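Notes for the one structure printed next.
In my numbering, the protein residues as written are -15 to 55.
This is the structure in structure tokens:
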């Protein structure tokens, strides 16, 4: 969790989350925000900001691999 009494962005940030992997993955991410819109505006002061960010990921094994990753 992130908390800020005041937060101001001088420019709008360019954000991106990317999950990669082989043979594949199953991932999801997201945030819950209080007093902080998505997207934010440059030059605006936001007060009493709370952000909770969560990432959940599960890796998939290749077919034929043992539980230790060996063939």
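From the three backbone atoms N, C-alpha and C, an ideal C-beta is built for every residue, glycine too. Every value quoted in this text rests on a predicted model; they were computed, and no experiment measured them.
Legend entry - Option nearest residue -11 by Cα separation, candidates 33, 46 and 47: 33
Legend entry - Residue of 3, -14 and -5 minimising C-alpha distance to residue 29: -5
Inset, instruction - Per DSSP, which residues does residue 36 bridge with? Please list them. - result: 16
Legend entry - Separation of residue -1 from residue 40, as counted between CA atoms: 18 Å
Inset, instruction - Over the uninterrupted beta strand (DSSP E) stretch that includes residue -10, give me the two end residues. - result: -14 to -8
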